[in-house]
Every structure is written in C-alpha cells, then in structure tokens.
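Engineer: I am attaching a structure below and will ask some questions about it afterwards.
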Amino acid sequence: MPKIGDIQLPDFPLLLAPMEDVSDPPFRALCKEQGADVVYTEFISSEGLIRDAAKSVMKLDIYEKERPVGIQIFGANLDSMLQSVEIVEKSKPDIIDINFGCPVKKVVSRGAGAGILKDIDLMVSLTKAMVEHSNLPITVKTRLGWDDDSIRIVEVAERLQDVGCAAIAIHGRTRAQMYKGSADWNPIREVKNNPRMHIPVFGNGDVDSPEAAMKMRDDYGLDGAMIGRASIGYPWIFREIKHFFETGTHLAPPTMEERVDAARRHLQMSIDWKGEILGVFETRRHYTNYFKGIPNFKEYRMKMVTSDDSASVFAAFDEVLQKFGDHQFTNV
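Residue numbers (UniProt numbering): 1 to 332.
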C-alpha cells in the first residue's frame with residue numbers, strides 16, 4: 001500500500017485534486033464524507049502568502065476532520081516559495097504540494113504552474129530546496145510536458161524523486177492541451193514502470209467513472225487516482241468508485257433527498273466559512289451536477305445560479321424536493 005512520507009494510505013487511494021474556487025473546506029468536507037482518502041486545498045500563490053493577501057491566507061484554513069490534507073502552493077521564485085513553506089507549516093497540514101501543472105495563462109505567464117515545464121532544471125531545484133526546508137512530505141502535481149514535443153515526464157519524475165519528492169500526481173495532458181481532448185495515461189504508466197521509481201505515482205485526468213478508476217488501477221498499474229472535475233457537484237463519485245472496487249457492481253446514485261441535503265449543507269458551510277455574498281456566489285458552479293439529468297429543471301437551476309441571497313437558494317432547494325422528490329436517477 002502506498003505511503004506519502006509516514007502517511008499510510010489504503011490500497012489505490014482516491015485523492016481530491018486541488019481546484020481553484022472548488023476544493024475549499026466545505027467541498028473537501030463533503031468529499032471526505034463520501035470516501036476521498038486525501039484532499040488538497042485550492043492552489044495558493046506563494047507571492048500572495050508572503051504579501052499576506054487575504055484570499056491566499058484564507059485558503060490555509062484546514063480542519064481535523066479532513067486529514068490527511070495537503071496544502072498546495074505555486075510560484076517560480078525560490079525565496080518566495082521557501083517563505084511560503086514557513087507560512088504554510090503554521091497551519092499544520094499533513095502534506096505540502098507544489099503545483100507544476102496549472103495551465104492558466106495568468107499563472108503560466110509568471111513561469112509558475114505548468115510554465116515551469118519549460119525549465120525542468122528550475123523545477124527540480126525548487127523541489128529540492130523545499131524538501132530541504134521542511135520536515136513535511138513535499139509532493140508534486142504536474143503535467144506530461146509543455147507540449148507534445150517536450151514530454152520528458154519519465155526523466156522529470158525520476159529527478160524529482162531523487163531530490164526528495166515524496167509522491168507525484170501526473171495529469172495526462174500537456175499544457176498545450178489545456179483540458180481539451182483525452183488524457184493520455186500511457187506516459188504515466190511509463191513513469192510507474194520505471195524500475196528506479198519507488199514513490200507513489202498517482203494518475204489524474206478523465207477519472208470520471210468507476211470503470212475509469214479501475215482501468216487506471218488494473219490496466220495502468222498506478223498507485224492511486226486523483227479526481228478533479230468529475231467531483232464538482234458530485235462528491236459521491238468517491239463512494240461509487242470504492243463500491244465498484246469492492247463488489248464489481250454500481251452503487252445506486254444518490255437520491256433527490258441526498259442531493260438536496262448535500263447542496264443545502266454545502267451552501268450553509270460556504271456561507272459560514274466565507275460569508276453570505278461569496279458563499280452564495282462560489283457554490284453556484286456545483287448545482288448543475290448536483291441536479292444533473294432532471295427533465296424540465298431549467299427554471300429551478302436558474303433560480304439557484306442567479307439568486308444573490310441564500311434564502312432564495314434555500315427556498316429553491318425546498319421547491320425542488322417537493323416537485324422532483326420522486327425522480328429516479330440512473331447511472332447512465
């Protein structure tokens with residue numbers, strides 16, 4: 001069974017990917033309840049941390065019930081990254097993760113995230129310095145390469161391991177792909193099959209069903225799956241994958257009552273954590289998936305995503321439960 005530092009994980013763990021404006025404490029709590037083995041914070045700017053920027057500092061909030069939890073930071077300046085490690089350690093996470101994979105232009109243009117894939121030597125030296133600067137396990141999330149002509153992930157992973165990286169999660173796309181096309185897990189399998197590799201190798205990208213997770217485990221031989229977009233508005237994906245692994249059968253999808261309850265709790269936790277305005281606004285992205293597959297639902301979805309006050313959204317939840325409470329969901 002894989003270990004990250006001294007953290008013992010179950011066989012083929014499921015990890016909640018760090019996602020901007022998604023993997024905040026309320027959503028992490030829901031995913032943890034549904035079986036996520038490791039959760040990560042939204043990625044946090046090292047420059048924002050050392051400037052004491054309110055939004056960056058707020059993302060350091062972690063809670064005992066979500067352990068093991070990793071705080072993910074990004075940046076390309078060595079001094080800033082080392083200072084941010086010292087700040088992050090005060091929050092007492094179990095893991096510090098470095099984001100070497102975010103493809104967003106505003107991150108890449110600063111040489112951070114996937115931008116560092118253009119400078120593998122810097123990527124390795126930054127990782128080495130952070131490992132030496134912290135007693136916590138340092139892990140990395142990255143992509144296959146900058147583009148199809150610069151995929152060196154087998155070499156990169158080995159070099160990161162050699163400077164002390166405790167685990168690596170690899171998204172099966174290049175930066176040039178962004179999120180288009182299909183993820184290619186073959187290079188990730190090559191990393192895992194490298195006889196010199198001994199740290200956990202987690203796959204990321206297109207793990208959107210129990211079958212996909214099983215394929216990643218059985219056909220590609222990876223140590224675990226990191227799940228991102230498929231979990232948005234659907235934290236139940238973790239329990240469904242685990243049920244499939246244990247029984248070979250599909251778990252019945254969550255009922256309408258479960259979905260309304262999760263949406264209600266999600267919204268309330270978000271308001272409690274970040275206030276009424278942001279809580280209402282930033283939870284909107286989840287509602288489409290919470291209530292996916294319900295016919296003639298547009299009117300209610302619009303209420304949820306356009307209302308500016310929580311009372312109206314909670315009222316919409318009540319209406320949905322009353323009108324669609326008998327709706328039968330399927331796994332299709």
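Each residue gets a CB set at the ideal place from its N, CA and C atoms; glycine is no exception.
1. Please identify the residue among 174, 72, 152 and 170 whose C-alpha is closest to the C-alpha of residue 146.
2. Run the CB neighbour count on residue 138, radius 10 Å, all protein chains shown included, and call it buried at 16 or more, exposed below.
3. Can residue 224 and residue 202 be called in contact, C-beta distance under 7 angstroms?
4. Write down the C-beta distance between residue 70 and residue 94 rounded to the nearest angstrom, noting that I regard them as a contact closer than 8 angstroms.
5. When DSSP labels each residue in this structure, what does residue 7 get in the three-state scheme?
6. At the level of alpha carbons, what is the spacing between residue 29 and residue 97?
7. How big is the Cα-Cα spacing for residue 123 and residue 100?
8. I'd like to confirm the pairing. Which residues does DSSP put opposite residue 39 in its beta bridges?
9. Pull up the distance between the alpha-carbon of residue 83 and that of residue 242, whole angstroms please.
10. In this structure, does DSSP put residue 221 in helix, strand or coil?
11. Nearest to residue 90 by alpha carbon, out of 170, 171 and 60?
12. Which residue wins for smallest C-alpha separation from residue 105, given the options 178, 211 and 7?
13. Taking only three categories from DSSP, how would you classify residue 139?
14. Based on DSSP bridge pairs, tell me the residues matched to residue 226.
15. Tell me the rounded alpha-carbon separation between residue 327 and residue 130.
16. In this structure, what does DSSP give as the bridge partners for residue 99?
17. Between the Cα of residue 107 and those of 128, 167, 134 and 76, spot the shortest distance and give me the residue it belongs to.
18. Which class does residue 116 belong to by DSSP, given the choice of helix, strand or coil?
19. Comparing alpha-carbon positions, which option in 278, 153, 144 and 208 lies nearest residue 238?
20. Which same chain residues, not among the five before or five after residue 21, have their C-beta less than 8 angstroms away from its C-beta?
21. In the DSSP assignment, what residue or residues form a beta bridge with residue 245?
22. At what residues does the alpha helix (DSSP H) containing residue 271 begin and finish?
Structural biologist: Taking the coordinates as given:
1. Counting from one through the sequence shown, the residue named residue 146 turns up at place 146. For the residues 174, 72, 152 and 170, the minimum Cα distance to residue 146 belongs to 174.
2. Taking the first residue of the sequence shown as position 1, residue 138 is located at position 138. It counts as buried.
3. Counted from its first residue, the sequence shown places residue 224 at position 224. Counted from its first residue, the sequence shown places residue 202 at position 202. Cβ distance < 7 angstroms, so residue 224 and residue 202 count as in contact.
4. As a working note, residue 70 is residue 70 in the sequence shown. As a working note, residue 94 is residue 94 in the sequence shown. That belief holds up - the Cβ atoms of residue 70 and residue 94 are roughly 7 angstroms apart, short of 8 angstroms.
5. Counting from 1 along the sequence shown, the entry for residue 7 is found at position 7. Strand, per DSSP.
6. In the sequence shown, residue 29 corresponds to position 29, counting from 1. In the sequence shown, residue 97 corresponds to position 97, counting from 1. Taking the straight line from one Cα to the other gives about 19 angstroms.
7. Position 123 of the sequence shown, counted from the first residue, corresponds to residue 123. Position 100 of the sequence shown, counted from the first residue, corresponds to residue 100. Taking the straight line joining both Cα atoms gives about 8 angstroms.
8. Here residue 39 refers to the residue found at position 39 of the sequence shown. According to DSSP, which records beta bridges pairwise, residue 39 is partnered with 16 and 69.
9. Reading the sequence shown from its first residue, position 83 is the one you call residue 83. Reading the sequence shown from its first residue, position 242 is the one you call residue 242. So the two alpha carbons sit approximately 39 angstroms from each other.
10. In the sequence shown, the residue the question calls residue 221 occupies position 221. The answer is coil: DSSP assigns residue 221 none of H, G, I, E or B.
11. As a position in the sequence shown, residue 90 is number 90, starting the count at 1. Of 170, 171 and 60, the residue nearest in Cα terms is 60.
12. As a position in the sequence shown, residue 105 is number 105, starting the count at 1. Measuring from the Cα of residue 105, the nearest candidate turns out to be 178.
13. Taking the first residue of the sequence shown as position 1, residue 139 is located at position 139. Strand at residue 139.
14. Along the sequence shown, one-based indexing puts residue 226 at 226. Looking at the DSSP assignment, residue 226 forms a beta bridge with 15 and 204.
15. Position 327 of the sequence shown, counted from the first residue, corresponds to residue 327. Position 130 of the sequence shown, counted from the first residue, corresponds to residue 130. For residue 327 and residue 130, the distance between alpha carbons rounds to 51 angstroms.
16. The sequence position of residue 99 within the sequence shown is 99, counting from 1. Beta-bridge pairing links residue 99 to 141.
17. One-based indexing of the sequence shown puts residue 107 at position 107. Checking every option, the nearest Cα to that of residue 107 belongs to 76.
18. Mapped onto the sequence shown, residue 116 falls at position 116. Note: residue 116 maps to helix in three-state DSSP.
19. Position 238 of the sequence shown holds residue 238. The shortest C-alpha separation from residue 238 is found at 208.
20. For the purposes of this step, residue 21 is identified with residue 21 of the sequence shown, where counting begins at 1. Only 42, 282 and 285 meet the Cβ criterion.
21. Counting from 1 along the sequence shown, the entry for residue 245 is found at position 245. Note: residue 245 sits in no beta bridge, so no partner.
22. Walking along the sequence shown from the start, residue 271 turns up at place 271. Segment 256 to 274, the alpha helix (DSSP H) holding residue 271.
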